[in-house]
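S.K.: Using this note's numbering, read the sequence shown as starting at 247 and increasing by one per residue. Backbone N, C-alpha and C fix where the C-beta goes; we use that ideal spot for every residue, glycine too. Treat the numbers as computed from the prediction; the structure is a model and nothing was measured.
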Amino acid sequence: HAVAFPDIAFDVRLFEITPEIVLDRDDVPSLRRWTEAALRHWADQDRHRPPGPEGIEILTSLLALEFEIRPLLTHRIGRHERELAQLTLDQFRVLDGLARVRRALIAGCAGAGKTMLALEKTRRLAEQGYRPLYVCFNKLLRGFSADFLKAWPGATVDNFHGLCQKWARRAGLRVEERDERDYWERSLPEALRAAARRIPDRFDAVVVDEGQDFKPGWWGPLQAVLKDGPRGILYVFYDDSQNLYSGELRFPPVDGRYDLPENCRNLRRIHDLVVRFYRSDRQIYSRASPGEAPEIAVYRATPELLDAVERAVVRLTRDHGVSPRQMAVLTGHGKEKSAVWRARRFGGFALTDQPEPGEGEIFWSTVHAFKGLERPVVVLAEIEPLSHAELDTLLYVGCSRACIHLVVIASEAAARLAGLEEGGGRPRRTPGPG
Numbered sequence: 247h248a249v250a251f252p253d254i255a256f257d258v259r260l261f262e263i264t265p266e267i268v269l270d271r272d273d274v275p276s277l278r279r280w281t282e283a284a285l286r287h288w289a290d291q292d293r294h295r296p297p298g299p300e301g302i303e304i305l306t307s308l309l310a311l312e313f314e315i316r317p318l319l320t321h322r323i324g325r326h327e328r329e330l331a332q333l334t335l336d337q338f339r340v341l342d343g344l345a346r347v348r349r350a351l352i353a354g355c356a357g358a359g360k361t362m363l364a365l366e367k368t369r370r371l372a373e374q375g376y377r378p379l380y381v382c383f384n385k386l387l388r389g390f391s392a393d394f395l396k397a398w399p400g401a402t403v404d405n406f407h408g409l410c411q412k413w414a415r416r417a418g419l420r421v422e423e424r425d426e427r428d429y430w431e432r433s434l435p436e437a438l439r440a441a442a443r444r445i446p447d448r449f450d451a452v453v454v455d456e457g458q459d460f461k462p463g464w465w466g467p468l469q470a471v472l473k474d475g476p477r478g479i480l481y482v483f484y485d486d487s488q489n490l491y492s493g494e495l496r497f498p499p500v501d502g503r504y505d506l507p508e509n510c511r512n513l514r515r516i517h518d519l520v521v522r523f524y525r526s527d528r529q530i531y532s533r534a535s536p537g538e539a540p541e542i543a544v545y546r547a548t549p550e551l552l553d554a555v556e557r558a559v560v561r562l563t564r565d566h567g568v569s570p571r572q573m574a575v576l577t578g579h580g581k582e583k584s585a586v587w588r589a590r591r592f593g594g595f596a597l598t599d600q601p602e603p604g605e606g607e608i609f610w611s612t613v614h615a616f617k618g619l620e621r622p623v624v625v626l627a628e629i630e631p632l633s634h635a636e637l638d639t640l641l642y643v644g645c646s647r648a649c650i651h652l653v654v655i656a657s658e659a660a661a662r663l664a665g666l667e668e669g670g671g672r673p674r675r676t677p678g679p680g
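(1) Please classify His651 as buried or exposed, where buried requires at least 16 neighbouring CB atoms within 10 angstroms.
(2) If we count Cβ pairs, one from each stretch, closer than 8 Å, do we get three or more for the segment 447 to 455 versus the segment 350 to 367?
(3) Around the Cβ of Gly618, are there at least 16 other Cβ atoms within 10 angstroms (buried) or fewer (exposed)?
(4) Taking 6 Å as the cut-off, does the CB of Ala585 come closer than this to any heavy atom belonging to the ligand NAD?
(5) Can you tell me which of the three DSSP states Leu472 falls into?
(6) For Phe595, which beta-bridge partners are listed by DSSP?
(7) Determine the closest residue to Pro399 out of Leu371, Arg416 and Val653, with distance taken between C-alpha atoms.
(8) May I have the straight-line CA-CA distance separating Arg286 from Arg621, to the nearest angstrom?
(9) Just curious, the alpha helix (DSSP H) that Asp336 is in, first and last residue?
(10) Go through the segment 423 to 507 residue by residue and report every complete run of the beta strand (DSSP E) that reaches 3 residues or more, in order.
(11) Ala539: which of Asp336, Leu552, Ala627 and Val520 sits nearest, CA to CA?
(12) Indicate whether Leu576 and Phe616 have their beta-carbon atoms separated by less than 7 Å.
(13) Using DSSP with H/G/I as helix, E/B as strand and the rest coil, what is Trp610?
(14) Based on the DSSP output, what are the partners of Cys410 in its beta bridges?
(15) Pull up the DSSP beta-bridge partners for Ala656, would you.
(16) Does the distance from the C-beta atom of Ala379 to that of Thr402 stay below 7 Å?
(17) Nearest-angstrom Cα distance between Pro462 and Leu495?
(18) Based on the DSSP output, what are the partners of Met682 in its beta bridges?
(19) Does the distance from the C-beta atom of Leu641 to that of Leu663 stay below 7 Å?
(20) Would Ala442 and Ala397 be called neighbours here (beta carbons separated by less than 7 Å)?
(21) Secondary structure at Pro673, three-state DSSP: helix, strand or coil?
(22) Here's the rule: buried if 16 or more other CB atoms are within 10 angstroms of the residue's CB, otherwise exposed. What is Arg511?
(23) Would you report the Cα separation of Ala660 and Val625, rounded to the nearest angstrom?
(24) Of the choices Arg522, Leu438 and Phe483, whose alpha-carbon is the least far from that of Arg349?
(25) Measuring alpha carbon to alpha carbon, tell me which of Ala558, Pro536, Glu607 and Arg546 ends up nearest Gly330.
(26) Is the beta carbon of Leu269 closer than 7 Å to that of Ala289?
(27) Give the DSSP-derived three-state secondary structure of Phe251 in the structure shown.
(28) If you compare alpha carbons, which of Pro299, Cys355, Lys581 and Leu562 is closest to Phe595?
(29) Can you give the Cα-Cα distance for Gly324 and Gln572, rounded to whole angstroms?
(30) Tell me whether Leu472 is buried or exposed, calling it buried when 16 or more other Cβ atoms sit within 10 Å of its Cβ.
(31) Quick one: Cα of Gly502 to Cα of Asp253, how far?
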């Protein structure tokens with residue numbers, strides 16, 4: 247006989263067990279060698295009498311116990327990442343089918359691989375000799391995308407307002423900032439349109455990621471920098487259920503529309519939670535492994551919130567061996583209002599807003615700023631009461647950032663409003679001090 251634990255590292259020194267008859271995760275690559283060693287072990291043993299009925303009864307009472315040994319989260323991350331990466335690659339067939347379509351709208355749920363498809367479309371255009379522009383809304387997503395496309399110098403990557411500012415400077419235009427909202431929503435986009443009249447440069451194609459965040463009045467200025475303008479190559483990837491900025495969704499005319507119904511980012515139990523906050527008539531599904539159910543913790547006051555974040559970070563890093571670089575702490579509040587950001591240190595780690603955390607640091611961001619991005623493990627905290635629709639959207643976007651493991655830390659009122667008591671187990675209220 248022998249026993250196999252292929253998903254975990256098993257230390258035989260902790261038990262009175264012969265090492266030759268125990269297979270663990272480290273033995274899997276050399277399975278043949280381990281099997282031969284186990285057979286040699288038993289070949290060298292003296293033959294014993296059969297245990298008989300009494301011996302069988304003793305063995306049954308000792309060995310027929312029900313128990314569960316779960317592999318550490320850190321050991322599961324690599325396997326699940328490979329699985330999800332293959333599902334994302336499968337989505338690239340969509341681009342093959344749209345190869346001859348010049349202008350397309352591609353709608354997909356959170357986790358449908360829209361960003362990877364947008365980047366792949368940009369890469370293919372650059373490889374074919376075009377001069378494409380990849381443009382998104384968030385600066386963090388711009389940074390990730392620029393790094394992804396750095397091997398293709400023909401591709402330009404920017405966020406929309408960064409593009410407006412650069413073209414305005416090139417054209418020698420001064421944009422007055424009379425009102426902050428007006429500056430971002432009207433003045434800068436109109437400066438891009440004006441700059442396009444002075445600058446002859448044009449992009450051969452424009453690929454828009456997170457298109458639901460673009461205001462209707464921005465499409466005209468954006469197409470002004472596109473060769474052939476409203477007839478030029480334009481691909482817009484969007485998710486109407488991720489419209490955190492609550493604007494009207496209106497897009498330029500296109501030749502075709504395509505839906506991405508499969509979530510290929512989240513393991514299935516995370517997907518099941520995400521679907522509860524999905525506001526669309528499209529049917530979406532997941533083929534991924536089930537994974538662990540999301541953890542839900544509920545707090546009533548700030549000390550309980552901070553204690554819940556502390557416990558989550560300690561459990562994930564120390565007990566499960568998760569690397570800080572595989573994690574993100576996301577909050578519903580920005581720096582000015584976030585108690586989590588002000589506390590800054592959890593489980594011996596410092597929160598940082600730099601996309602590449604240093605030694606002893608864990609990346610922190612707001613849910614809004616982290617749109618389009620992901621981490622294997624996410625601690626989603628400081629979820630406070632909002633209107634029902636706003637809370638659903640915040641949870642939809644925030645929960646879907648976690649690929650493999652998710653911890654949600656919500657206020658008691660927000661948990662009640664969002665129905666977090668249902669599914670994924672009842673919420674675990676964090677005890678207060680004392």
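M.R.: This is what the structure holds:
(1) Residue environment analysis places His651 among the buried positions, since at least 16 neighbouring C-beta atoms fall within 10 angstroms of its C-beta.
(2) By the criterion of at least three beta-carbon pairs nearer than 8 Å, the segment 447 to 455 is in contact with the segment 350 to 367.
(3) Buried, because 16 or more other Cβ atoms sit within 10 Å of the Cβ of Gly618.
(4) Judged by which ligands are present, the structure shown has none, so any question about the ligand NAD falls away.
(5) Strand at Leu472.
(6) Under DSSP, Phe595 shares a beta bridge with Phe592.
(7) A check of alpha carbon separations from Pro399 across Leu371, Arg416 and Val653 identifies Leu371 as the nearest.
(8) Distance between the alpha carbons of Arg286 and Arg621 is about 45 Å.
(9) First-last of the alpha helix (DSSP H) with Asp336: Leu319 to Gln337.
(10) Those beta strand (DSSP E) runs which fall completely within the segment 423 to 507 and span 3+ residues are 451 to 454, 479 to 484 and 502 to 506.
(11) When the alpha-carbon of Ala539 is set against those of Asp336, Leu552, Ala627 and Val520, the nearest one is in Val520.
(12) Going by beta carbons, Leu576 and Phe616 fall inside the 7 Å limit.
(13) Correct three-state label for Trp610: strand.
(14) According to DSSP, Cys410 bridges with nothing at all.
(15) Val544 and Ile629.
(16) The sequence shown places Leu at residue 379, rather than the Ala named in the question. Yes, they are a contact pair.
(17) Roughly 7 Å separates the two Cα atoms.
(18) Because the chain in this structure spans residues 247 to 680, residue 682 falls outside the shown range and cannot be described.
(19) No, they are not a contact pair.
(20) Their beta carbons are not under 7 Å apart, which means Ala442 does not touch Ala397 by this criterion.
(21) Confidence at Pro673 is low in this model, with a pLDDT of 43, below 50, so its placement is unreliable and the value that follows should be read with caution. In the three-state DSSP reduction, Pro673 falls in the coil class, being neither helix nor strand.
(22) Counting the other Cβ atoms within 10 Å of the Cβ of Arg511 gives 16 or more, which makes it buried.
(23) Distance between the alpha carbons of Ala660 and Val625 is about 16 Å.
(24) Of Arg522, Leu438 and Phe483, the residue nearest in Cα terms is Phe483.
(25) Contrary to the premise, residue 330 reads as Leu rather than Gly in this sequence. Residue Pro536 is the option with its Cα nearest to Leu330.
(26) Not a contact, by the Cβ cut-off of 7 Å.
(27) In this structure, Phe251 counts as strand in the three-state DSSP scheme.
(28) Nearest C-alpha to Phe595: Leu562.
(29) Linking Gly324 to Gln572 through their CA atoms gives a straight-line distance of about 11 Å.
(30) Per the 10 Å Cβ criterion, buried.
(31) Straight across, the Cα-Cα distance linking Gly502 with Asp253 is about 46 Å.
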